[in-house]
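Just so you know, the working numbering puts 20 at position 37 of the sequence shown, and the rest follows in order with no gaps. Report on one structure; see the data block that follows.
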Amino acid sequence: MKTNSALDYRCFVVLVMATWLELLKYASELIFEAPIDTSKKSIVWVLGGPGSGKGTQCDKIVAKYGFTHLSTGDLLRAEVKSGSERAKCLTAIMERGELVPNEIVLDLLKEAILARAEESKGFLIDGYPREKSQGIAFEENIAPVSVIIYFEASSETLTQRLLGRAASSGRADDNEETIKLRLKTFLDNNDLVLAQYPDKLRRINAERPVDEIFAEVQSILDPLVA
Ligand code: AP5
């Protein structure tokens, strides 16, 4: 009799613990549910040095695939214009060609993604991640990346393109001095970023004409949307 009640008690404890574990699992799924279901909506990181053609190719991708294009540079410039509290330190950092703190970039990205999560067909994240920790933080806080497109071009090509754009872009960071600093920041971090994703990385030679590059982009994205 004594043995039976001890057994009953042990069973009861095990049952209570199992129920608690189930509840905890359910609660954590509710709290930490990824905002994007990547089996339905792809997340594409678009990477490359300053002036490698990320924005140019993203425009073409949006026109063909209807993806939502989020450029971290554009999000930051919009934030600066808004004059918000978190924008105060941004201008100086961007004019030095350095990276702004990741909490700010990630917050902006997350807000923009969540605001469009319902209607979006997929996301193009242009210019992020720019350092190893950014990629880790994105996947932990938002969702795993589906594929990474990297536009590869020499520093000379990048510099020439940005100097060519400087006359019309109106961007405070399109000047010779800041372009050098932007390139240095890129070169200091890029290899480490790319090395994290050997299986998802697709390198594209970006020294060619825009349409030739886009043909290769399509060969990467077509299977993703099929
Ligand atoms: P951001 O605005 O992202 O600038 P960037 O990375 O320096 O790149 P760009 O937008 O200048 O160039 P692009 O690659 O889009 O090329 P585009 O298509 O325009 O970032 C600005 C700053 O914000 C950063 O320096 C940093 O401070 C901050 N920041 C951004 N993201 C951050 C992050 N994740 N973390 C922290 N800080 C962040 O083309 C350039 C020119 O080349 C154009 O004139 C175009 O017509 C021409 N062109 C394009 N393709 C070709 C081609 N195939 N042949 C010939 N010409 C071409």
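We put the beta carbon where it would ideally sit given N, CA and C, even for glycine.
Environment of residue i [buried if 16+ CB atoms lie within 10 Å]
{"i": "residue -1", "result": "exposed"}
{"i": "residue 128", "result": "buried"}
{"i": "residue 62", "result": "buried"}
{"i": "residue -5", "result": "exposed"}
{"i": "residue -16", "result": "Because residue -16 sits at a pLDDT of 47, beneath the cut-off of 50, its placement in the model cannot be relied upon, and the point is left open."}
{"i": "residue 176", "result": "buried"}
{"i": "residue 33", "result": "buried"}
{"i": "residue -7", "result": "exposed"}
{"i": "residue 208", "result": "exposed"}
Residue i in three-state terms, based on DSSP
{"i": "residue -16", "result": "Caution applies to residue -16, whose pLDDT of 47 falls short of 50 and renders its modelled position unreliable; the model cannot decide the point."}
{"i": "residue 19", "result": "coil"}
{"i": "residue 203", "result": "helix"}
{"i": "residue 188", "result": "strand"}
{"i": "residue -9", "result": "helix"}
{"i": "residue 71", "result": "coil"}
{"i": "residue 90", "result": "helix"}
{"i": "residue 152", "result": "helix"}
{"i": "residue 161", "result": "helix"}
{"i": "residue 95", "result": "helix"}
{"i": "residue 119", "result": "helix"}
{"i": "residue 179", "result": "coil"}
DSSP beta-bridge partners of residue i
{"i": "residue 28", "result": "108 and 131"}
{"i": "residue 51", "result": "106"}
Under 9 Å between C-beta atoms of residue i and residue j
{"i": "residue 38", "j": "residue 54", "result": "yes"}
{"i": "residue 179", "j": "residue 119", "result": "yes"}
{"i": "residue 35", "j": "residue 134", "result": "yes"}
{"i": "residue 162", "j": "residue 171", "result": "no"}
{"i": "residue 112", "j": "residue 121", "result": "yes"}
CB-CB length for residue i against residue j, believed under 8 Å
{"i": "residue 109", "j": "residue 29", "result": "5 Å"}
{"i": "residue 59", "j": "residue 73", "result": "6 Å"}
{"i": "residue 184", "j": "residue 131", "result": "5 Å"}
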